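K.L.:
Okay, here's the structure, questions in a sec.
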Amino acid sequence: MLKPFILALALTAAPALPAAAQTAPAPAPAAQAKPTAADFAKNMQGAVGQTFEGGIVLKNITSEANTLVLTVDGPAGWRTQLTPADISTALVGGFCSTAPQFFATGVSMRVDSLDGGKLAKGPTVTTCPPAAPATPQ
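According to mature numbering (1 follows the signal peptide of the UniProt record, and there is no 0), the sequence shown holds residues -21 to -1, 1 to 116 in order.
Dropping the structure here:
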C-alpha cells in the first residue's frame, strides 16, 4: 500500500532538490549555501493534498529547525499494524531511492502520520535507511 505513495512522493520531492544537491559539487569561487529544511518544504508545497494509492494523503509539509516534516493520513485504521518507525522507514527509504543525496545537505526528515485524528510523530532521520535485501526471482 505504501509503495506507490513512496514513489510518487520521491518523484515530487526530487525536483525540489537544488541543482547543487543533485550533482557532484563543481569548483566554484564562492561556496553555495546548502538548502535548508524550510527551502525543501517551500519547494514541495505543490504535493500537499495529493491522494495516493491506498487512500494515503499527504496532509502537510513543513519544517522544524532543520528537519523536513511530512504528515500523511490514510483510511481509518490504516496504521493499525504499523509503527511510526515503520512508516518513516518505508517513506524515507523510497525517497532515498530517488534522491539519495538529500541527507548530504545536512537536513533531517521526520514522517508524522494521522489515523482517526491521532498524530503519531515518527523518528527524526538523518541518513537513508539500509536498502532492503533483494528478493530472489
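We treat Cβ as the ideally placed atom computed from N, Cα and C, and that holds for glycine. Here the structure is a predicted model, which means the values were calculated and not measured.
With a threshold of 6 Å on Cβ separation, who are the neighbours of V90 within its own chain once the five nearest residues in sequence on each side are excluded?
P.N.:
As a working mapping, residue 90 is identified with position 111 in the sequence shown. Once the five neighbours on either side are set aside, the close Cβ partners of V90 are L49, I66, S67, L70, G101.
K.L.:
Are the beta-carbon atoms belonging to P63 and A99 less than 7 Å from one another?
P.N.:
To locate residue 63, count along the sequence shown from 1; it is residue 84. To locate residue 99, count along the sequence shown from 1; it is residue 120. Yes, they are a contact pair.
K.L.:
Output the distance between the C-alpha atoms of N39 and A83, rounded to the nearest integer angstrom.
P.N.:
Working through the sequence shown from its first residue, we reach residue 39 at position 60. Working through the sequence shown from its first residue, we reach residue 83 at position 104. Cα to Cα, the separation comes out at about 23 Å.
K.L.:
Does K13 come out as helix, strand or coil in the three-state DSSP assignment?
P.N.:
Counting from one through the sequence shown, the residue named residue 13 turns up at place 34. Here K13 sits in coil by DSSP.
K.L.:
For L37, name the three-state secondary structure that DSSP assigns.
P.N.:
One-based indexing of the sequence shown puts residue 37 at position 58. Residue state, collapsed to three classes: strand.
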